[in-house]
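In the UniProt record's numbering, the protein residues as written are 1 to 302.
Using N, Cα and C, we set each Cβ at its ideal position, and we do this for glycine too.
Here is the structure we will look at, set down as structure tokens.
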Amino acid sequence: MEDRRALATLPPLRGRVQQDAPLAPFTWFRVGGPAEWLVRPADVDDLLLLLRDLPESVPLSIIGAASNLIIRDGGVRGVVVRLGGKAFGEVSVDGDGIIAGAAALDAVVAEHAAATGLAGLEFLCGIPGAIGGAVAMNAGAYGSEVKDVLDWAEVATPAGVIRMAAQDFAFAYRKAVLPARGVVTRARFHARPGDAAAISTRMAEIRAAREATQPVRARTGGSTFKNPPGAKAWALVDAAGCRGLVRGGAQVSEKHTNFLLNLGGATAADIEGLGEEMRARVLATSGVSLEWEIKRIGEVTP
């Protein structure tokens with residue numbers, strides 16, 4: 001009740017505010033409970049107002065394309081922020097680079113670069129997410145990572161918007177450091193002039209490789225575990241006998257063992273529990289403790 005009273009004191013936001021809002025439809029897994037409060041800011045100023053006046057006692061979560069996310073069945077306490085494409089999805093060419101809003105899909109950014117003959121961002125077409133999340137987790141695929149191409153990103157904080165250079169994020173493998181309650185709002189990526197045909201060919205190769213090796217048409221959440229140093233997570237999972245393993249309505253993909261699937265009736269607990277069973281089996285067979293790449297938020301139901 002204390003959090004609800006605190007939220008009632010906030011100034012009215014121009015964006016959409018919903019109480020007990022379903023979150024499962026936003027996620028690729030299509031599972032999970034509701035947000036206590038779901039806020040979709042109208043623009044950066046609206047987001048800044050929320051961040052400034054939100055009491056520190058109220059939990060804050062940020063979701064984007066939710067392609068690499070498990071919302072637990074008990075839902076998410078406090079405020080969940082989702083940036084919409086209308087206000088935060090603009091993509092524009094900026095000389096030898098691209099400026100993209102946090103809600104712009106990674107693949108769309110790659111396509112904009114390709115359309116203007118800019119090379120170096122092709123790998124983004126193989127990452128199923130949005131730019132804000134890509135920066136926040138240093139997303140990568142096919143030999144490149146966000147840290148390799150990011151010039152700067154603007155981050156909304158309770159004190160205002162700050163522009164952070166790539167080195168300010170202390171990037172590591174699938175990790176970035178953001179200010180407390182910081183929300184990426186847009187970013188600039190550098191590229192280089194390239195041959196349009198060669199760029200298109202490379203993007204087609206990446207898409208074909210994803211189609212051939214990953215369950216891209218299933219209810220999944222992308223790569224489940226980070227690759228340990230000197231090893232591949234999928235190979236460790238496979239060696240532990242987890243290919244096709246089922247728990248409730250969740251299954252380890254037969255096509256790529258570092259992917260979890262919702263077969264249609266899974267709960268978030270099924271999916272997360274299956275992931276933990278995979279971790280336990282890998283630890284028992286190889287001595288390696290796999291680290292989750294999928295982000296998990298919310299409350300576990302009793």
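From residue i to residue j, what distance separates their C-alpha atoms?
i: valine 282; j: serine 253; result: 16 Å
i: leucine 23; j: glycine 32; result: 7 Å
i: valine 109; j: arginine 186; result: 12 Å
i: residue 311; j: phenylalanine 225; result: The question about residue 311 has no answer, for the chain in this structure spans 1 to 302.
i: glutamine 251; j: leucine 260; result: 6 Å
i: valine 161; j: alanine 139; result: 23 Å
i: arginine 296; j: alanine 136; result: 15 Å
i: valine 79; j: alanine 35; result: 7 Å
i: valine 17; j: leucine 54; result: 14 Å
i: glutamate 205; j: proline 229; result: 26 Å
i: methionine 1; j: arginine 243; result: Any answer about methionine 1 is weak, because its pLDDT of 39 lies below 50 and its placement is not dependable; what the coordinates show is given next. Using only the alpha carbons, I get a separation of about 45 Å.
i: alanine 21; j: valine 39; result: 9 Å
i: glycine 15; j: alanine 284; result: 49 Å
Starting from residue i, follow the beta strand (DSSP E) in both directions and report where the run begins and ends.
i: tryptophan 234; result: Element bounds for tryptophan 234: not the beta strand (DSSP E) but the alpha helix (DSSP H), 233-239.
i: glutamate 272; result: First-last for glutamate 272: 268-286, but that is the alpha helix (DSSP H), not the beta strand (DSSP E).
i: alanine 250; result: 250-252
i: residue 307; result: No answer is possible for residue 307: the residues shown for the chain start at 1 and end at 302.
i: aspartate 20; result: 16-21
Sort the options by Cα distance to residue i and report the nearest one.
i: glycine 95; options: Leu83, Ala113, Ala102, Phe88; result: Ala113
i: serine 61; options: Leu48, Leu47, Arg77; result: Arg77
i: aspartate 43; options: Val184, Gly273, Ile199; result: Val184
i: glutamate 211; options: Ala172, Ser200, Pro193, Lys255; result: Lys255
i: threonine 257; options: Ser144, Lys147, Gly222, Leu48; result: Gly222
i: aspartate 106; options: Gly117, Leu124, Gly89, Val91; result: Leu124
Does the beta-carbon distance from residue i to residue j come in below 7 Å?
i: serine 67; j: proline 128; result: yes
i: alanine 191; j: glycine 97; result: yes
i: valine 51; j: arginine 163; result: The identity of residue 51 in the sequence shown is leucine, whereas the question assumes valine. In this structure, arginine 163 does not lie closer than 7 Å to leucine 51 by Cβ.
i: arginine 202; j: glutamate 293; result: no
i: glutamate 299; j: arginine 72; result: yes
i: aspartate 151; j: arginine 174; result: no
i: alanine 266; j: glycine 241; result: no
Along the chain, where does the alpha helix (DSSP H) that runs through residue i open and close?
i: alanine 187; result: Not the alpha helix (DSSP H): alanine 187 falls in the beta strand (DSSP E), residues 183-190.
i: valine 76; result: It is not in any alpha helix (DSSP H) - valine 76 instead sits in the beta strand (DSSP E) that spans 76-82.
i: proline 52; result: Contrary to the premise, residue 52 reads as arginine rather than proline in this sequence. Here the alpha helix (DSSP H) through arginine 52 covers 44-53.
i: aspartate 106; result: 106-115
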